[in-house]
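Worksheet: the structure to be examined is printed underneath.
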Amino acid sequence: MTTVVKGVKLRLYPNQAQIDQLWQLFGNDRFVWNQMLAMANKRYENNPKSHFIGEYDMNYLLKPLKQEYPFLKSSDSTSLFVVNRNLALAFKNLFQHQGGHPRFKSRHSAKQAYTGQSICVVEAKRRLRLTKLGSIRTSKTNQLTDAKIKRYTVSHDATGHYYLSLQVETEVHDLPKTHQRVGLDMGITNLAIDSNGVKYGTFKAKWFEKQATCWQSKFSRRKRQATVAMRQWNHHHKLSKLELNDYQNWQRAKMTKARYQAKIANQRKDYLHKLTTDLVRNYDVIVIEDLKTKNLMHNHHLAKSIANASWYQFRTMLEYKCEWYGKQLVVVSAKNTSRICSACGHNDGAKTLDIRKWTCSECRTHHDRDINAAVNILNCGLKAIG
Ligand SMILES: [Zn+2]
Numbered sequence: 391m392t393t394v395v396k397g398v399k400l401r402l403y404p405n406q407a408q409i410d411q412l413w414q415l416f417g418n419d420r421f422v423w424n425q426m427l428a429m430a431n432k433r434y435e436n437n438p439k440s441h442f443i444g445e446y447d448m449n450y451l452l453k454p455l456k457q458e459y460p461f462l463k464s465s466d467s468t469s470l471f472v473v474n475r476n477l478a479l480a481f482k483n484l485f486q487h488q489g490g491h492p493r494f495k496s497r498h499s500a501k502q503a504y505t506g507q508s509i510c511v512v513e514a515k516r517r518l519r520l521t522k523l524g525s526i527r528t529s530k531t532n533q534l535t536d537a538k539i540k541r542y543t544v545s546h547d548a549t550g551h552y553y554l555s556l557q558v559e560t561e562v563h564d565l566p567k568t569h570q571r572v573g574l575d576m577g578i579t580n581l582a583i584d585s586n587g588v589k590y591g592t593f594k595a596k597w598f599e600k601q602a603t604c605w606q607s608k609f610s611r612r613k614r615q616a617t618v619a620m621r622q623w624n625h626h627h628k629l630s631k632l633e634l635n636d637y638q639n640w641q642r643a644k645m646t647k648a649r650y651q652a653k654i655a656n657q658r659k660d661y662l663h664k665l666t667t668d669l670v671r672n673y674d675v676i677v678i679e680d681l682k683t684k685n686l687m688h689n690h691h692l693a694k695s696i697a698n699a700s701w702y703q704f705r706t707m708l709e710y711k712c713e714w715y716g717k718q719l720v721v722v723s724a725k726n727t728s729r730i731c732s733a734c735g736h737n738d739g740a741k742t743l744d745i746r747k748w749t750c751s752e753c754r755t756h757h758d759r760d761i762n763a764a765v766n767i768l769n770c771g772l773k774a775i776g
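Following the working numbering, the numbering of the sequence shown begins with 391 at its first residue and continues without gaps.
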């Protein structure tokens, strides 16, 4: 039994009063970030050698800030501490040359969020109590039973929906041992083929993908139209200027596009979760290749980048699930996996991608290219762990 930290994302269904309140809270966090950042910039401007004000000094400044701007009192105070911590971290990264200069936050950015560390109480199957917001309707909370919530983030993204992301501490148990081992060869036509010859297809959501592409082009066209209309209006009306965000038709396309894209991403994630859970349940040792060494030069850019995203997610899931459930993941660098005969070890030379089946010139074994590669990967991994 081990204690692990899991991420849980719930949908929030705030009522109108809570929506107004949420935007105030997003704004408060942004306000504190921008105030503290402006102050840090000013100090540097006045004296480049001045001592940087750290996280705790900034927390100390919150009190006078709250007196000056009473609306800040409506926030969960822990969320303002989190803002200061993030800003201090951003500066630390800057000083260590690991990041750019922190930027001011805008109320127009697609994602708005705040993070707090207060206690969230599960009230019912679809209801939670959050600090300052009170009781709020959510999607199913059954993942949260017996879990300890470490921190929470409320967000609003381009889909126009509200979400609650939680980091929860929970206990997991080892899965029963099966004494089975498997090697996986990652591909593009199939996500993976294993050393037993089982194919795991790539995820496809054709209808949603078509909708997403369609709304993407509507989005670009409407944005272009809105830009032209805005320039014309602002040219003739010097006093009441419009902004791009005032064009509802474009805004709607933006949201619809984002919703389809989110839908595809969620379904892909569910699919990968199912695959990786099955693998971890069925095998004690899983061997995969280090994808950096994989030669994909002959493939189309787009197919490659999509496959890449899925592989990365797939590997990340396998990594933590193996750790949670007491299984072993071995990563080997894939060299010559499609050239070597898995039966006799003879290197049969390079093969172009269109050759799917071949016969070993040494031992005459007939091979399926991908299954042979998966077997080589498995053997390579077993050799590595002895
Ligand atoms: Zn052979």
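Glycine included, every Cβ here is placed at the ideal spot set by N, Cα and C. Computed from a predicted model, the values in this text were never measured in an experiment.
In terms of Cα proximity to residue 454, the closest of 436, 425, 590 is 425.
A Cβ-Cβ distance of about 5 Å is found for the pair residue 649 and residue 549, placing them in contact under the 8 Å criterion. For residue 505, DSSP records a beta bridge to 543.
Fully enclosed alpha helix (DSSP H) runs of no fewer than 4 residues occupy 445-458, 467-485 of the stretch 442-526, in order along the chain. In this structure residue 576 is in contact with residue 679, their Cβ atoms being roughly 7 Å apart against a cut-off of 8 Å. Residue burial annotation: residue 430 is buried, with at least 16 other C-beta atoms found within 10 angstroms of its C-beta. Residue 586 holds the alpha-carbon nearest to the alpha-carbon of residue 764 among 490, 586, 522. It is roughly 7 Å from the alpha-carbon of residue 724 to the alpha-carbon of residue 767. With contacts defined by Cβ atoms closer than 9 Å, residue 734 and residue 752 form a contacting pair. Each residue's CA atom was taken as its position, placing residue 439 and residue 542 some 37 Å apart.
Comparing alpha-carbon positions, the option among 628, 639, 580, 634 lying closest to residue 605 turns out to be 639. Rounded to the nearest whole angstrom, the C-alpha separation of residue 496 and residue 444 is 23 Å. With a cutoff of 8 Å, residue 774 does not count as near ligand 1, since its C-beta is closer than that to no heavy atom of the ligand. DSSP places residue 642 within a helical segment (H, G or I) once states are collapsed to three. Between ligand 1 and residue 733, a heavy atom-to-CB distance of less than 8 Å is present.
The beta carbon of residue 712 lies closer than 8 Å to those of 670, 676, 718, 719 in the same chain, with the five residues before and after it left out. Taking a cut-off of 8 Å for Cβ pairs, the stretch 548-564 and the stretch 398-418 touch, as three or more such pairs fall below it.
Distance from the Cα of residue 593 is smallest, within the candidate group 485, 655, 428, for 655.
According to DSSP, residue 561 shares a beta bridge with 393. When DSSP reads this structure, residue 591 sits in a beta bridge with 580. Shortest Cα-Cα distance from residue 395 to any of 610, 557, 448 involves 557. Residue 756 has 749 as its beta-bridge partners, per DSSP.
Residue environment for residue 485: exposed (fewer than 16 other C-beta atoms within 10 angstroms of its C-beta). CA-CA distance, residue 661 to residue 708, rounds to 13 Å.
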